[in-house]
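Undergrad: Have a look at this one.
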Amino acid sequence: MTEQKKYEIAYLISPAVAEGEVLVVSGKLAKIIEEGDGLVRHQETPAKQRLSYPIKKEQNAYFGWITFSAPPENVGNIEKNAKGVEN
2 MTEQKKYEIA YLISPAVAEG EVLVVSGKLA KIIEEGDGLV RHQETPAKQR
52 LSYPIKKEQN AYFGWITFSA PPENVGNIEK NAKGVEN
């Protein structure tokens, strides 16, 4: 078994996602990490914040982050599976 390294993912969730669904999206990210043999160490609840500059014409987004450990060879897969998790 490969030694696990520590990682952190900071992410934005579109303000178009209903407030009640934000935790569901955050939970999906944690599940993707765990399915990639990762261990979630800390998960910050996403909070709505004003962005420094617009992203896809949006001024606000939910910002959250997760720290975790995982085998380095699995991180690429975790990243690929995490893209578009809102959909």
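According to the working numbering, the sequence shown is numbered sequentially starting from 2. Backbone N, C-alpha and C define an ideal beta-carbon position, used for all residues, glycine too.
1. Could you spell out where the alpha helix (DSSP H) holding glutamate 35 opens and where it closes?
2. Does the region 73-81 come close enough to the region 54-65 to have 3 or more Cβ pairs within less than 8 angstroms?
3. Between serine 70 and the rest of its own chain, which residues show a CB-CB distance below 8 angstroms, the 5 nearest in sequence each way excluded?
4. Of all the options Val25, Pro72, Lys29, Lys49, which has the alpha carbon lying nearest to the alpha carbon of lysine 84?
5. Express the C-alpha separation of glycine 37 and alanine 48 in angstroms, rounding to a whole number.
6. Look up valine 41 in the DSSP assignment and say whether it is helix, strand or coil.
7. Quick check for students: name the residue ranges of the beta strand (DSSP E) that lie wholly in the region 40-88, counting only runs of 3 or more.
8. Would you kindly report the start and end of the unbroken beta strand (DSSP E) that includes alanine 11?
TA: Let me spell this out:
1. In the sequence shown, the residue the question calls residue 35 occupies position 34. Residue range 23-36 is occupied by the alpha helix (DSSP H) that includes glutamate 35.
2. These segments do not touch.
3. As a first step, residue 70 is located in the sequence shown; it is residue number 69 there, counting from the start. Non-local C-beta neighbours of serine 70 in its own chain, meaning closer than 8 angstroms and more than five positions away in sequence, comprise Gln5, Lys6, Lys7, Tyr8, Gly39, Leu40, Arg42, ordered along the chain.
4. Position 83 of the sequence shown, counting from 1, holds the residue named residue 84. Minimum Cα distance to lysine 84 is reached at Lys29.
5. Here residue 48 refers to the residue found at position 47 of the sequence shown. Here residue 37 refers to the residue found at position 36 of the sequence shown. Computed Cα separation, rounded: 26 angstroms.
6. In the sequence shown, counting from the first residue as 1, residue 41 sits at position 40. In the structure shown, valine 41 adopts extended strand secondary structure according to DSSP, grouped into three states.
7. Segments of the beta strand (DSSP E) lying fully in the region 40-88: 40-56, 59-71.
8. Along the sequence shown, read from residue 1 onward, the residue named residue 11 stands at position 10. 6-14 is the extent of the beta strand (DSSP E) around alanine 11.
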